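Residue 92 is where the sequence shown starts when you use the working numbering, and the numbers rise one by one after that.
Using N, Cα and C, we set each Cβ at its ideal position, and we do this for glycine too.
It should be emphasised that the depicted structure is a prediction, and the values quoted were computed from it without experimental measurement.
Following: one structure in structure tokens, then a few remarks.
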Amino acid sequence: VFQKHGYDDVYRTTNYEFGWIDDYNGEKILFLDEFRSSFKISEILDYLDGQPIRIRGRHYNRVACYDTVYIVSNLSLKEQYTNIQQSEPKTWAAFCRRITAVYDFDKSKEIPVNKFTGELKMPPTLIEIADDEDIPF
Numbered sequence: 092v093f094q095k096h097g098y099d100d101v102y103r104t105t106n107y108e109f110g111w112i113d114d115y116n117g118e119k120i121l122f123l124d125e126f127r128s129s130f131k132i133s134e135i136l137d138y139l140d141g142q143p144i145r146i147r148g149r150h151y152n153r154v155a156c157y158d159t160v161y162i163v164s165n166l167s168l169k170e171q172y173t174n175i176q177q178s179e180p181k182t183w184a185a186f187c188r189r190i191t192a193v194y195d196f197d198k199s200k201e202i203p204v205n206k207f208t209g210e211l212k213m214p215p216t217l218i219e220i221a222d223d224e225d226i227p228f
């Protein structure tokens, strides 16, 4: 993510507690690293909606100016929000619709081996990426 966008344009967090946004300074890229269903589903839906939003911080709110979000996790998409998938399928579908691409990386090669793009209504079926394609980030 940093290689593609540079350090100045990326706000990375692994802290998903109240106040996670306190150091945000208008970066265009939001990098949610080590994500494990880390926000309440209602919050992540707002954060990924693409509409202007004020995010509550500890001392003051921040206006979200990011236009791209990367969610990076050792868990697959189908392992995120498993309780929501079962109890609130429409909410799960709304979460999936906000995701435009899913990449699955091979641990040994550290390159994407599968890619899905398009509107997600259910967890995606991943498709292979050609060897000559560039890494997307």
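| Out of curiosity, what's the CA-to-CA distance linking residue 151 and residue 113? | One-based indexing of the sequence shown puts residue 151 at position 60. One-based indexing of the sequence shown puts residue 113 at position 22. Cα to Cα, the separation comes out at about 8 Å.
| field | Candidates 165, 170, 149, 139, of which the one nearest residue 158 by Cα | value | Sequence index remark: in the sequence shown, residue 158 carries index 67 (1-based). Per the Cα distances, 139.
| request: Could you have a look at residue 114 and say whether DSSP puts it in helix, strand or coil? | output: One-based indexing of the sequence shown puts residue 114 at position 23. The answer is coil: DSSP assigns residue 114 none of H, G, I, E or B.
| query | Where residue 179 and residue 147 are concerned, what is the direct C-alpha to C-alpha distance, given to the nearest angstrom? | reply | Taking the first residue of the sequence shown as 1, we reach residue 179 at position 88. Taking the first residue of the sequence shown as 1, we reach residue 147 at position 56. When rounded, the distance between both Cα atoms is 25 Å.
| Buried/exposed call for residue 134, threshold 16 Cβ in 10 Å | The count along the sequence shown starts at 1 and reaches residue 134 at position 43. With fewer than 16 Cβ atoms within 10 Å of its Cβ, residue 134 is classed as exposed.
| Contacting residues, own chain, Cβ-Cβ under 7 Å from residue 96 (five flanking each side not counted) | Here residue 96 refers to the residue found at position 5 of the sequence shown. The residues are 120.
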